[in-house]
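Visitor: Below you will find the structure I want to go over with you.
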Amino acid sequence: LTGIEEGLNAGGWGVGLAISGNEVGVNLEQWNAMPGDVQQAHRDRIYPTMYQRGAHYVIDSIADLMPVLDDIEIRLKRGEKP
36 LTGIEEGLNA
46 GGWGVGLAIS
56 GNEVGVNLEQ
66 WNAMPGDVQQ
76 AHRDRIYPTM
86 YQRGAHYVID
96 SIADLMPVLD
106 DIEIRLKRGE
116 KP
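Numbering-wise, my numbering comes out as the position in the sequence shown, counting from 1, plus 35.
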């Protein structure tokens with residue numbers, strides 16, 4: 036979770052990558068081979084941990100980033116800061 040801490044220390048919005056980051060520790064092929072309930076168990080463990088560490092957003096992978104960037108843009112226009 037060092038990346039989240041680094042982003043927060045730099046004054047940025049913290050976005051945690053739950054599945055494609057270091058927390059699960061498997062590649063995409065291994066992830067896709069896991070039963071759905073095992074995948075969900077990883078999510079159930081990782082998402083709260085990342086939020087507790089200060090992430091503003093938590094997503095499965097970088098492929099899910101565009102809606103987060105859109106939301107951050109809206110928040111910035113409202114004058115919000117991380």
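Every residue gets a Cβ at the ideal spot worked out from N, C-alpha and C, and that includes glycine.
(1) Could you tell me the boundaries of the beta strand (DSSP E) in which Gly71 lies?
(2) Measuring CB to CB, does Gly46 end up less than 7 Å from Ile39?
(3) Determine the extent of the beta strand (DSSP E) in which Ile94 is found, giving its start and end residues.
(4) Quick one: is Ile81 buried, meaning 16 or more other Cβ sit within 10 Å of its Cβ, or exposed?
Guide: According to the structure data:
(1) Here Gly71 belongs to no beta strand (DSSP E); instead the alpha helix (DSSP H) covers Gly71 to Gln87.
(2) no
(3) Tyr92 to Ile94
(4) buried
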